[in-house]
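Asker: Residue numbers (our numbering): 225 to 1172.
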DNA sequence: CGGACCACCTA
DNA sequence: GTAGGTGGTCCGG
């Protein structure tokens, strides 16, 4: 490598955007509520470049005020870009400050884009004998590449590519880099709103360049084209020329390359530290100090190099692999998840590991012996299906030491598989060995089918992370990337995309199964170390050990149990519905004067508002369609028969498709019952959710809808269904937490809380409260739980905005402590960045200090609602665990089947009925002690409708 | 065939 | 105004 001087020109916004979106699923929010993702992403990249390349000259270029020249040429230029996200706008001043403190020149020029500045400077520096590297992911820069000017392009997944002339020629299939302009002009760029030639994409553009050399060449020779393409291109020649000019990076910006100014000298470290401290960057501070203070030996941990090219700016240091076989993996580079360089991720290929399959009978016996000597083991089952009821074991991975693990493949033959799993029974049923896993409910259900019970302490990393940050997603890939800076082998790599050609895990070669499965177990084990600490720090260890983990077993058994469904009844109901739907359909067509698809809001909107012109100014949805939502239509229903028919039609079709038709198809053939899947980690407040099918939204409000509930029936004639409901649990919680005596007293006296509220706010005796008054009071009571606003209230009632405001004011005067409580919750959230439930379940509210009033308002409503909804969830979870344990301990035949947020449904063995009534009511009402009594109503019946 | 959007079901 | 899930249409790869 020559000692030619090297200049690095950084395309700031490109790296800022990249950094910002890299963190988009897990934005970095500091305690002041600032979204620092963009700053962190940008600084990670900048330091990474400096550490890797040690440039002697460096500058950072920003766009400023958009490109006036290009807009003049074409006014739509970049017009369809979304508004810059708030997280990026707020980041830029910080980044400017940091760069200033680092003594790095910031280049921007009103009316020019960073591309143009970089283009101009690179040419100037080249003339002065520099080698120039343009740091940007944007392929448009390829047009600027020369013998001395290179693109230095961050690559997804980590590392960089250096693009010189040979790379550009290869990537774009051009003869020389300038032709990239023609290429971009032809295919266009939707993000920059460069129109391009119609009908020309990447492939065609390459073909044309190859054939004609340039845009002009193409336009001059359209006679060689044929068909539609010929017509389109001939008609759009002007657009083509314009597109080319838009794609061209300018080289004549009034900026000057000043070698001295661009020298990368020593930054003002104290100043940078101060800024970082203010932003609460801890790891980045260390990283920064190491980069500038240190000896430069701190090379990036284990970069994944892709496409090594001849033009590498500096020879790379040999990578310092860890000394021991397992030391690299999860060793010193223990990332705490707080800051992660999104571009440099470890993978199985870059990390040393020892994963082995256990194949022979002898090896298995030895392995189990070893397993039984452990105190804590992570395991992960591989199966043929994501539905545990249909899944067969393909293998089980085990790991108890980071970087190391074993895989036991299972035979396809069921008897042989059962024989093999019996070898592991002593392990799974050992009370003294802790079992670690990701989504253990799944593994427990699979093993239950083999009659294996998983005993002992459990640690589920998915649940742990749910408590650490319920708003995030908790799949293993995301967790590994966030906390371990590691990209696991993707399942699609193994079995392909889902669809026709997807393989079963069984079809994957054992070696690959081993790598994949043990990696999962290994990662899960490493995540556990991480999360254990974080649970302690957030004080949620107890919630984890005493609620979520025990609940996992409860849910597994409820799901395995399933519920009996009367399919014949549903089929009969379907027939009835079908007749009614067809009748309505005919009436609607007659009234509309034509046939159309009533289920298509688009077509419906045209009929109602263009053909029939039911309204002067129809309401539109945000996408510009006519809104045909329920509230809009029900307003018109009394004047227009067709509208009422449409509403009825929609109601009935929904009922039929979602419930009456769908449920019988969800009956599990093996058991003849319906097995829902409870999601324990999706609702940010701590509630469960239910799917496949969702049994938490079976209709009840309308007479027609509630018929569906008749289809949920007891196991057989020896059983009956029992439903147990918490009465007004959320209002009781807010009364208790706010210590609002008036409301507490009403509950203690067993009053109808909505009537009681109405009596107080409308100042009438409780016996004289009208239906409407009670209704309005009820709406406000719920409004309080959801985080009131006069606007929302007036939408829900027939009150005007000002009447609503008055009602809310009177309400607060009646229940003064509620207002104080609500304010306290919001204040707490502002100060701490989170709110919590009675059991300390947290929800972080990153927007609570947002400058945007709408965004902040939403966070404030969350601050009020999350502790209420979440505490109710906590309480019913306690009740479920206790009831489940008692049913098991007492060897009762009765089973808990369903949970619907404030209701539990049981299959009761008739002889146990009286015992069960007492047990269930007692456990539910005493699950958690509040200053307000909890009240549970029990109902019994031969189907879910009767039992409610 | 997957994702966005709309509509509608629950607590 | 809170928290979820599912089914239908429509559009684009």
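C-beta atoms are modelled at their ideal positions from N, C-alpha and C, and glycine is treated no differently.
All of these numbers come straight from a predicted model, not from anything done at the bench.
Closest to residue 923 by CA distance: which of 621, 1082, 884 and 888 is it?
Answerer: Taking only the C-alpha atoms, the option nearest residue 923 is 884.
Asker: List in chain order: all unbroken alpha helix (DSSP H) runs of 4+ residues lying wholly within the segment 296-346.
Answerer: You should have 310-313 and 315-325.
Asker: Please give the ranges of any alpha helix (DSSP H) in the segment 955-998, keeping only runs that are unbroken, at least 4 residues long and fully inside the region.
Answerer: Segments of the alpha helix (DSSP H) lying fully in the segment 955-998: 965-972 and 977-985.
Asker: Under 6 Å Cβ to Cβ from residue 471, same chain only, skipping five residues before and after it: list those, please.
Answerer: Correct list, in chain order: 405, 408, 409 and 418.
Asker: If the criterion is Cβ atoms closer than 8 Å, does the pair residue 652 and residue 591 meet it?
Answerer: No; because the gap between Cβ atoms is not below 8 Å, this pair is not in contact.
Asker: Does DSSP put residue 1066 in a helix, in a strand, or in coil?
Answerer: Here residue 1066 sits in strand by DSSP.
Asker: In whole angstroms, what separates the C-alpha of residue 1146 from that of residue 957?
Answerer: So the two alpha carbons sit approximately 18 Å from each other.
Asker: Looking at residue 1172: is its Cβ nearer than 8 Å to the Cβ of residue 1163?
Answerer: Closer than 8 Å, so yes.
Asker: Under DSSP, the alpha helix (DSSP H) around residue 430 begins and ends at which residues?
Answerer: Residues 426-436.
Asker: Flag this pair as yes or no: are the beta carbons of residue 1068 and residue 1057 separated by less than 8 Å?
Answerer: Yes. Within cutoff.
Asker: Tell me, please, which residues DSSP counts as bridged to residue 619.
Answerer: Answer is 606 and 633, bridged to residue 619.
Asker: What residue from 634, 738, 704 and 786 has the CA that sits closest to residue 751's CA?
Answerer: Considering only alpha carbons, the answer is 704.
Asker: Measure how close the beta-carbons of residue 1009 and residue 1089 come, nearest whole angstrom, since I'm counting them as under 8 Å.
Answerer: Going by Cβ atoms, the distance from residue 1009 to residue 1089 rounds to 6 Å, so yes, they are a contact pair.
Asker: Going by CA-CA distance only, name the one from 395, 731 and 444 that's closest to residue 427.
Answerer: The option with the nearest alpha carbon to residue 427 is 395.
Asker: To test your reading of the DSSP string, which unbroken beta strand (DSSP E) runs of 3 or more residues are found completely within the segment 1094-1127?
Answerer: The segment 1094-1127 contains these whole beta strand (DSSP E) runs: 1119-1123.
Asker: What is the residue span of the beta strand (DSSP E) that residue 202 lies within?
Answerer: Residue 202 lies beyond the stretch modelled for the chain, which goes from 225 to 1172, so this question has no answer here.
Asker: DSSP three-state label for residue 818, please.
Answerer: It is coil, neither helix nor strand.
Asker: Using only alpha-carbon positions, find the residue among 1119, 344, 954 and 965 that is nearest to residue 476.
Answerer: Nearest C-alpha to residue 476: 344.
Asker: Please classify residue 875: does DSSP put it in a helix, a strand, or coil?
Answerer: Looking at residue 875 - three-state DSSP - the assignment turns out to be helix.
Asker: How close, in whole Å, do the beta carbons of residue 286 and residue 244 come, if the pair is a contact with beta carbons under 8 Å?
Answerer: The pair is not a contact, with the Cβ atoms about 15 Å apart (cut-off 8 Å).
Asker: Measuring only the C-alpha atoms, how far is residue 1143 from residue 672?
Answerer: Between residue 1143 and residue 672, the C-alpha separation is close to 27 Å.
Asker: Out of 464, 430 and 452, point me to the one whose CA is closest to residue 444's CA.
Answerer: Residue 444 has its Cα closest to that of 464, out of 464, 430 and 452.
Asker: Measuring CA to CA, which of 473, 979 and 898 is closest to residue 992?
Answerer: Ranking 473, 979 and 898 by Cα distance to residue 992 puts 979 first.
Asker: For the beta strand (DSSP E) that residue 374 lies in, which residues bound it at each end?
Answerer: Here the beta strand (DSSP E) through residue 374 covers 373-378.
Asker: Using the beta-carbon count (16 or more within 10 Å), is residue 709 buried or exposed?
Answerer: Buried, by the Cβ-count rule.
Asker: Compute the distance between the beta-carbons of residue 771 and residue 977, then report whether it is under 8 Å.
Answerer: Not closer than 8 Å, so no.
Asker: In angstroms, rounded to a whole number, what distance separates the CA positions of residue 707 and residue 271?
Answerer: When rounded, the distance between both Cα atoms is 20 Å.
Asker: From the DSSP output, which residues share a beta bridge with residue 1031?
Answerer: Looking at the DSSP assignment, residue 1031 forms no beta bridge with any residue, so it has no partner.
Asker: Helix, strand or coil, according to DSSP, for residue 952 in the structure here?
Answerer: Residue 952 falls in the coil class under three-state DSSP.
Asker: Would you kindly work out how many angstroms separate the C-alpha atoms of residue 869 and residue 921, rounded to a whole number?
Answerer: Cα-Cα distance, rounded: 24 Å.
Asker: On a Cα-Cα basis, can you pick out the residue from 778, 995 and 929 that is closest to residue 1112?
Answerer: Among 778, 995 and 929, the Cα nearest to that of residue 1112 is on 778.
Asker: Whole angstroms are fine: how far does the CA of residue 467 sit from the CA of residue 487?
Answerer: So the two alpha carbons sit approximately 37 Å from each other.
Asker: Could you tell me whether the Cβ atoms of residue 674 and residue 719 are closer together than 8 Å?
Answerer: The answer is no: Cβ separation not under 8 Å.
Asker: Report the option in 668, 640, 411 and 358 whose CA atom is closest to the CA atom of residue 388.
Answerer: Nearest C-alpha to residue 388: 358.
Asker: Residue 581 bridges to which residues according to DSSP?
Answerer: Looking at the DSSP assignment, residue 581 forms a beta bridge with 631.
Asker: Alpha carbon to alpha carbon, how far is residue 684 from residue 906?
Answerer: Going from the Cα of residue 684 to the Cα of residue 906 covers about 15 Å.
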